[in-house]
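In the working numbering, the protein residues as written are 2 to 360. Where is the CB? At the ideal position from N, CA and C, for every residue including glycine. The model shown is predicted, which means the values in this text are computed figures rather than measured ones.
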Amino acid sequence: MEQITVKASQSSYKVSVGAGIRHKLAAFLPKVYSNIFIVSDTSIAPHYLDDYAASLLPEAKVTKKIIEPGEAAKSKDMYFDILDSMFEAQLDRKALVLALGGGVIGDLAGFVASTYMRGIDFVQLPTTILAHDSSVGGKVAINHETGKNLIGSFYPPVAVVYDVDTITTLPEKEVRSGYAELIKEAYIGDAAFLDALLSRKQLDKENQNQLIQDLSLGIKVKTKIVEADEKENDLRKFLNLGHTLGHAIEAEAGYGTFTHGEAVAIGMLFALELSEKRFGADLQLGEFRSWLERNQYPLQLPDLSAERLIARMQMDKKSENKEVHMVLLQDIGSPVTEKVDHDTLLQAVVSFLERMRSV
Ligand SMILES: NC(=O)c1ccc[n+]([C@@H]2O[C@H](COP(=O)([O-])OP(=O)(O)OC[C@H]3O[C@@H](n4cnc5c(N)ncnc54)[C@H](O)[C@@H]3O)[C@@H](O)[C@H]2O)c1
Ligand SMILES: [Zn+2]
């Protein structure tokens, strides 16, 4: 098992990553809770919820809220629905919320916990690889019709208990999605981790020791950045490597066409190409492309308009006054935020789209 302590401005919390640790949940909680509310979804709960519930102290009152899976759950209706259930379960300020699931459940249950009676404790129990990212750093949110994650807060969990056993049932597409964020973290801050990932033949969700190592290394890169910049002023933007074009592709192709991580992987390819051109560094692009191919990342893009993608990139939160700012790499482990002027961007996007249509 690996343990990483994350220091937040108000408190710190431990992230524990291990195999089978869902059977010992009570030991990872910072105190004894008598009223516990578990939020999960119908793809996850049948596999793991009973194990987690059984590992709590027998005298604790446990209420379960199991919702439909999917991004649509991060809505104001579901937010109020969960609050209603929490009042019904008579949770007081000393109660605990457990978020058992991927980033959707973590963001939603965390946001509910942050506002129920002005905030009660919550613990993240991640079940996806991508959730190594969403469960650490304290950002919780739901969506608004205007855009994703627009209603939210910074509200760190009191603990993160990550049982890699749960990854065995994760669909391959979601494994790829999560590993895109891991390789992103390696590129931003851990050259040795990057070498290890690139030299590996295939993603393997059955190799628990490797999963524990990979998730911990990714979490360490993220932790270092969020500790230095908890509220997203400057450094935290580096975690958006690949996300400027990635988000635009995700939205333009239609949500659900690519998973978030698959779109980010394509966005990274673009950002790394631009970085090599601008800084002349060797970012192991050939190896990265081959890693994506051998792991069946979708690299063939549908017919997308460069202008529309750029319009979306201009709305990205790093961009200012319609000027696109992107995270680029001066070298592996040396991210920077750079302004990319419109002509350069247009040329680069058009050429990238052309090549990605004929991959
Ligand atoms: N707060 C943050 O800092 C942050 C960072 C990154 C992403 N996010 C958010 O995370 C969300 C995406 O999270 P995600 O990729 O984990 O998706 P997700 O939570 O939707 O999970 C993906 C799918 O896999 C299923 N699933 C999850 N675990 C499973 C398991 N162990 N076995 C079988 N099926 C399982 C889920 O039911 C779902 O259908 C987005 O809403 C995004 O905005 C938040
Ligand atoms: Zn992401």
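What is the DSSP secondary structure of T260, counted as helix, strand or coil?
The residue labelled residue 260 in the question sits at position 259 within the sequence shown. Residue state, collapsed to three classes: coil.
Please report the Cβ distance between G148 and F112, rounded to the nearest whole angstrom; I am assuming they are in contact, meaning their Cβ atoms lie under 8 Å.
Numbered from 1 along the sequence shown, position 147 holds the residue referred to as residue 148. Numbered from 1 along the sequence shown, position 111 holds the residue referred to as residue 112. With 8 Å as the limit, G148 and F112 do not qualify as a contact, their Cβ atoms being about 15 Å apart.
Can you give the beta carbon distance from Y180 to T128, rounded, assuming they're within the 8 Å contact cut?
As a first step, residue 180 is located in the sequence shown; it is residue number 179 there, counting from the start. As a first step, residue 128 is located in the sequence shown; it is residue number 127 there, counting from the start. About 15 Å; that fails the 8 Å criterion.
Does the distance from the CB of A114 to the CB of G107 come in under 7 Å?
In the sequence shown, the residue the question calls residue 114 occupies position 113. In the sequence shown, the residue the question calls residue 107 occupies position 106. Their beta carbons are not under 7 Å apart, which means A114 does not touch G107 by this criterion.
Sorry if obvious, but does the Cβ on V265 come closer than 6 Å to a heavy atom of ligand 2?
Here residue 265 refers to the residue found at position 264 of the sequence shown. Under cutoff, so the answer is yes.
For ligand 1, any of its heavy atoms closer than 6 Å to the Cβ of P362?
Past the boundaries of the shown model lies residue 362; the chain is included only from 2 to 360, so the question cannot be answered.
From the DSSP output, in three-state form, read off N150 for me.
As a position in the sequence shown, residue 150 is number 149, starting the count at 1. In this structure, N150 counts as strand in the three-state DSSP scheme.
Determine the extent of the beta strand (DSSP E) in which H1 is found, giving its start and end residues.
Outside the modelled stretch of the chain, which goes from 2 to 360, sits residue 1, for which no answer is possible.
Measuring only from the beta carbon, is I45 closer than 6 Å to any heavy atom that is part of ligand 1?
Within the sequence shown, the letter at position 44 stands for residue 45. True, at least one ligand heavy atom lies under 6 Å from that Cβ.
With hydrogens ignored, establish whether the beta-carbon of L204 is closer than 6 Å to any heavy atom of ligand 1.
The count along the sequence shown starts at 1 and reaches residue 204 at position 203. False, no ligand heavy atom lies under 6 Å from that Cβ.
Do you know offhand how far D230's Cα is from T224's?
As a position in the sequence shown, residue 230 is number 229, starting the count at 1. As a position in the sequence shown, residue 224 is number 223, starting the count at 1. Roughly 10 Å separates the two Cα atoms.
So if DSSP puts L97 in a beta bridge, which residue, or which two residues, is it bridged to?
Position 96 of the sequence shown, counted from the start, is the residue given in the question as residue 97. Per DSSP, I37, D122.
Mind checking which residues open and close the beta strand (DSSP E) that includes Y298?
Translated into positions along the sequence shown, residue 298 becomes position 297. Note, Y298: premise wrong, no beta strand (DSSP E); not H, not E.
I'd like to check one pair, E207 with L368: are the Cβ atoms closer than 7 Å?
This structure cannot speak to residue 368, because the chain is shown only from 2 to 360.
Option in P303, L270, K232, F353 with minimal Cα separation from S10:
Mapped onto the sequence shown, residue 10 falls at position 9. Residue K232 is the option with its Cα nearest to S10.
Ligand 1 heavy atoms versus the CB of T116: any closer than 6 Å?
The residue labelled residue 116 in the question sits at position 115 within the sequence shown. Every heavy atom of ligand 1 is 6 Å or more from the Cβ of T116, so no.
At least three beta-carbon pairs within less than 8 Å, the stretch 211–218 to the stretch 294–313:
no
Residue closest to E251, alpha-carbon to alpha-carbon, out of K75, S335, L310, S136
Within the sequence shown, numbered from 1, the residue matching residue 251 stands at position 250. Checked all of K75, S335, L310, S136; the closest Cα to E251 is L310.
Under 7 Å between C-beta atoms of S44 and V162:
For the purposes of this step, residue 44 is identified with residue 43 of the sequence shown, where counting begins at 1. For the purposes of this step, residue 162 is identified with residue 161 of the sequence shown, where counting begins at 1. Not a contact, by the Cβ cut-off of 7 Å.
Just confirm the distance between the C-beta atoms of N36 and D93, as a whole number of angstroms; I'd bet it's less than 8 Å.
As a working mapping, residue 36 is identified with position 35 in the sequence shown. As a working mapping, residue 93 is identified with position 92 in the sequence shown. About 7 Å separates the two Cβ atoms, so the contact holds.
Give the DSSP-derived three-state secondary structure of A142 in the structure shown.
Looking up residue 142 in the sequence shown gives position 141. Strand.
Whole-Å CB distance - L286 paired with M269, under 8 Å assumed
Looking up residue 286 in the sequence shown gives position 285. Looking up residue 269 in the sequence shown gives position 268. Not a contact, Cβ separation roughly 10 Å.
Pick from V124, V337, K278 that is closest to L1, judged by C-alpha positions
Residue 1 cannot be examined here, being either before or after the span of the chain that is shown, 2 to 360.
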